[in-house]
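In UniProt numbering, the protein residues as written are 1 to 195.
For reference, the structure is listed below as structure tokens.
See the structure below:
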């Protein structure tokens, strides 16, 4: 008897999940974001659309303008948002990653990214596409690519006991034919000694 009840519950949950997914797909085809609206926009519950927030949209646009000048950092923009009431739930500044996501959100130029797919939004825009592009150029220029794909945990923390020179790290690759697997081993050695 209990297994029948669990079976019905699972069927109900699966059915509900499929209905939600279907509803999301329908909204996306109409160009409507099925999630919470980003900063600068409001969810209109009566019409079930996303509208421009007359106050916060001006703050978000000003943040884009400040960043586009190239003189403000992402931390400066976070402080700017806090000054005008765009904060985390506890009133603290937004995390830098959150600010970067805001500055990189294509929703502001009419593109909806949802579950790895792209849709054209039907919402009104308050941000000129040129301004958005300028901000993206600055973000890209400021990113520092990591040259090192390995994180050497102890690098710079130890010195050679014999000579006092710095310890360096290197990766050795080993192939195991029996498992057809590659394994990377990290070795630490004195910079003065040759291997």
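Ideal placement from N, C-alpha and C gives every residue a C-beta, glycine not left out.
Since we're looking at a predicted model, the values are computed, not measured.
Does at least one heavy atom of the ligand FAD sit under 7 Å from the Cβ of residue 30?
Of the ligands one can find in the structure shown there are none, so the ligand FAD has no counterpart to examine.
Could you please give me the residues that DSSP links to residue 186 through a beta bridge?
171
Return the residue from the list 155, 50, 158 and 138 that minimises the CA-CA distance to residue 71.
138
Could you check what DSSP says for residue 101 in three-state terms: helix, strand or coil?
If DSSP states are grouped into helix, strand and coil, residue 101 belongs with the helices.
Spatial distance of residue 196 from residue 55 (CA atoms):
Because the chain is modelled from 1 through 195, residue 196 falls outside the range shown and cannot be assessed.
Give the straight-line distance between the Cα atoms of residue 59 and residue 126, rounded to the nearest whole angstrom.
11 Å
Proximity below 8 Å, CB of residue 43 to CB of residue 32
No, the pair does not count as a contact, with Cβ atoms beyond the cut-off.
Quick one: what's got a C-beta closer than 6 Å to residue 119's C-beta in the same chain, skipping five residues either side?
28 and 112
Based on DSSP bridge pairs, tell me the residues matched to residue 114.
Paired residues: 117.
Spatial neighbours of residue 183 within its chain, please: C-beta separation below 6 Å, excluding the five flanking residues on both sides.
174
Cβ contact check for the stretch 91-111 and the stretch 65-79: 3 or more pairs under 8 Å
The way I'd put it, the stretch 91-111 does touch the stretch 65-79; three or more beta-carbon pairs between them come closer than 8 Å.
Taking only the alpha-carbon atoms, compute the straight-line gap between residue 161 and residue 190 and give it to the nearest angstrom.
9 Å
Residue from 17, 25 and 63 whose Cα sits closest to the Cα of residue 116:
25
Confirm, please, whether the CB-CB distance from residue 108 to residue 84 is below 8 Å.
no
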